[in-house]
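Residues in the sequence shown are numbered from 28 upward in steps of one, following this note's numbering.
Note that CB positions come from ideal geometry on N, CA and C, so glycine has one too.
See below for the structure under consideration.
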Amino acid sequence: MSVSDLSSRTVLVTGATSGIGHQTARLLAERGATVLVHGRTVEEALAATDRLVTLSGVDANRLCAFGADFTHLEEVEHLAARVLAEHPHLDVLVNNAGMAAPERHTVTANGNEIAFQVNFLAHYLLTHLLEPALTSDPGGRVVNVSSSLHRTGSIQWNDPNRVRRYSRLAAYAQSQLALTVFAADPRVTAVSVHPGICTTSLLPLYAHEGVAPAEGAAHVVRLCDPAVEIVNGAYYDRDHRVAPAPAASEERTVKRLTKLADLLVGQNS
């Protein structure tokens, strides 16, 4: 497959300090894109950009470091405000930051189950706040790094924070299902991708061994390329477009999730 030049593109990658996100940032920058490297703190993001420059020979001028702790939604708002101020046109948002749900039920300062907030609600909020930048020119797109485990998930509409019954696997699967459903939201063109089982911090949820993160990142980067046509709401398993879990393409579920997410992040749609 020919590799197209991405030098006119600006891409924000969340969770770009390690694993698939870091390799996605590397591959995009190597192809000429300007990459906004997000980490939990600005210091972590700067360390990641330094590694890309020193270890991968990436041009430092193509990298910008941004910090926001997704367990605090106000930090997501500050991140979006800074991106909009400095990059009023954004070609791609890669919603990659993710965490395994902890063993014990954990709630953020915003009152949400932590995996649901970090993996889904923060990205939901960020995507909508960045909508002006993503739609300033035609062709802006969002790539949600989801998981095949979304198929095992269910959204507990009456108890999304799983206060009554908590299991870390169920909480993680719910967050991935929500992220996959969210791709069908009509406001911004978006797709979801399961990048394969990679050797990252999330590996224990899946298996004992996986492929290198760079291999997973290549599937993400492919969907960032404007030469690759995408359909809003589509779901990819690595390079193949496949049907997601039935709930992910139900209009009623998309609307219901939007209503729930707006309520939990304090947004008025």
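{"query": "The segment 33 to 52 contacting the segment 68 to 88, beta-carbon criterion three pairs below 8 angstroms", "result": "yes"}
{"query": "Terminal residues of the alpha helix (DSSP H) in which Ser83 lies", "result": "69 to 83"}
{"query": "Beta-carbon proximity check, Val145 vs Ala124, cutoff 8 angstroms", "result": "yes"}
{"query": "Same chain, Cβ closer than 6 angstroms to Ser202, neighbours up to 5 away in sequence not counted", "result": "Ala142, Phe143, Asn146, Phe147"}
{"query": "Per DSSP, cross-strand counterpart(s) of Gly66", "result": "Gly94"}
{"query": "For Asp118 and Val64, believed in contact at Cβ under 8 angstroms, the rounded distance", "result": "At roughly 15 angstroms, the Cβ-Cβ gap does not stay under 8 angstroms, so Val64 and Asp118 are not in contact."}
{"query": "Anticipated Cβ contact below 8 angstroms, Thr51 with Val121, distance rounded", "result": "6 angstroms"}
{"query": "Closest by C-alpha distance to Ala200, when choosing among Ala127, Gly59, Thr280", "result": "Ala127"}
{"query": "Where the beta strand (DSSP E) containing Arg249 begins and where it ends", "result": "Unbroken run through Arg249 is the alpha helix (DSSP H), 240 to 251; no beta strand (DSSP E)."}
{"query": "Assumed close pair Arg36, Ala60 - CB separation to whole angstroms, cut-off 8 angstroms", "result": "5 angstroms"}
{"query": "Residues sharing a beta bridge with Ser140, DSSP", "result": "First, the amino acid is wrong: residue 140 is Glu here, not Ser. Paired residues: Val134."}
{"query": "Buried versus exposed, by CB contacts within 10 Å (16 or more), Ser175", "result": "buried"}
{"query": "Neighbour-count burial assignment, Val269, 16 or more Cβ in a 10 Å radius", "result": "exposed"}
{"query": "Val170 beta carbon less than 8 angstroms from that of Leu161", "result": "no"}
{"query": "Met28, buried or exposed, once every other Cβ within 10 Å from all chains shown has been counted against 16", "result": "With a pLDDT of only 42 at Met28, under 50, the local geometry of the prediction cannot be trusted, and the value read off the model is given with reservation. Met28 should be labelled exposed."}
{"query": "Short Cβ contact (8 angstroms threshold) for His116 with Ser181", "result": "no"}
{"query": "Identified DSSP bridge partners for Thr61", "result": "Thr37"}
{"query": "Pairwise C-alpha distance: His49 and Pro253", "result": "21 angstroms"}
{"query": "Asn188, buried or exposed, once every other Cβ within 10 Å from all chains shown has been counted against 16", "result": "buried"}
{"query": "Three-way DSSP call (helix, strand, coil) for Leu157 in this model", "result": "coil"}
{"query": "Span separating the alpha-carbon of Ala261 from that of Cys91", "result": "29 angstroms"}
{"query": "Ser296 versus Gly84: straight-line alpha-carbon distance, rounded", "result": "Interpretation of Ser296 is limited by its pLDDT of 45, a score under 50 that renders its predicted location unreliable; the figure taken from the coordinates is listed afterwards. Approximately 43 angstroms between the Cα atoms of the pair."}
{"query": "Member of Ala108, Leu196, Arg58 whose CA lies at the smallest distance from the CA of Thr154", "result": "Ala108"}
{"query": "Pair within 8 angstroms by beta-carbon distance, Ala149 and Leu100", "result": "yes"}
{"query": "C-beta atoms of Val62 and Val40 nearer than 8 angstroms", "result": "yes"}
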